[in-house]
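So the structure is just underneath, and the comments pick up after that.
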Amino acid sequence: MKTHDLYENPQQERLQLFVYLIPILGFFPALWTLYRQEGTRQQQAVSRLVIVLAFSWLAGLLLLEVGYQSTESFTLPMLLTSSLLTTSYFIVSLGLMIRVWKRQPIWLPGLSRIAEQGLGKHLP
174 MKTHDLYENP QQERLQLFVY LIPILGFFPA LWTLYRQEGT RQQQAVSRLV
224 IVLAFSWLAG LLLLEVGYQS TESFTLPMLL TSSLLTTSYF IVSLGLMIRV
274 WKRQPIWLPG LSRIAEQGLG KHLP
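Residues 174 to 297, numbered by the numbering used here, are exactly what the sequence shown covers, in order.
Below, the structure is given as C-alpha cells:
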C-alpha cells in the first residue's frame, strides 16, 4: 500500500475523505483509490463503504424504476419510494461527512460489514 507525501498531513487526508463522501461524484475517486491500492487504511475503508453505498442506492433505484415501468397501479408509491431512497442516500452521505468533521469513526450498521467482507477479498 503506497502513500504519497500529500497524504501525510491529517487535514489533507480528511479533505480526501470528504471528497469520497460527496454523493454520486465521490464514487469515482473512491473507486480509483481502491483500483490503484493507494491511500491509508482509513481511506480504503471509506472508499469501500462509499462504493457499497452507491451501488446499493443505484440497485434500489433501478429496481424501483423497473417496478414503476411494469405496473400502472403503483406509480405514485414507486416514485415516492424512489425519491425517499435518493434523499436517504444524500442524508447518509452528509451524516458521514459530519462524522469525518468530528473525527469520529466512519461506520454504518450492515453496510460497513458488507464493504469490508465483500470488497476486501475481491480486489487485486
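The beta carbon of each residue, even a glycine, is placed where N, CA and C say it ideally should be.
Buried or exposed, going by whether 16 or more other CB atoms sit within 10 Å of the CB of residue 277?
So residue 277 counts as exposed.
If I measure Cβ to Cβ from residue 281 and keep anything under 8 angstroms in the same chain, skipping five residues before and after, which residues do I get?
Excluding its 5 nearest sequence neighbours in each direction, residue 281 has C-beta neighbours in its own chain below 8 angstroms: 222, 226, 265, 269, listed in chain order.
Bounding residues of the alpha helix (DSSP H) (the contiguous stretch that carries residue 250):
If you look at residue 250, you'll find it in the alpha helix (DSSP H) that goes 248 to 274.
Rounded to whole angstroms, what's the CA-CA distance from residue 190 to residue 216? Just pull it up for me.
Near 7 angstroms, if we compare the C-alpha coordinates of residue 216 and residue 190.
Sequence-distant residues of the same chain with beta carbon closer than 6 angstroms to residue 240, five excluded per side
The answer, listed in chain order, is 251.
Going by beta carbon distance, what residues of the same chain come within less than 7 angstroms of residue 187, once the five residues before and after it are set aside?
Answer for residue 187: 273, listed in chain order.
Take the Cβ of residue 194 as the centre, count every other Cβ of all protein chains shown within 10 Å, and call the residue buried at 16 or more, exposed below.
Buried is the call here.
Continuous alpha helix (DSSP H) stretch holding residue 287: start and end:
Annotation for residue 287: the continuous alpha helix (DSSP H) segment containing it runs 284 to 287.
What is the DSSP secondary structure of residue 186, reduced to helix, strand or coil?
Helix at residue 186.
According to DSSP, is residue 238 part of a helix, a strand, or is it coil?
If DSSP states are grouped into helix, strand and coil, residue 238 belongs with the helices.
Nearest to residue 213 (by Cα), restricted to the options 183, 200, 246:
When each option's Cα is compared against that of residue 213, the closest is 183.
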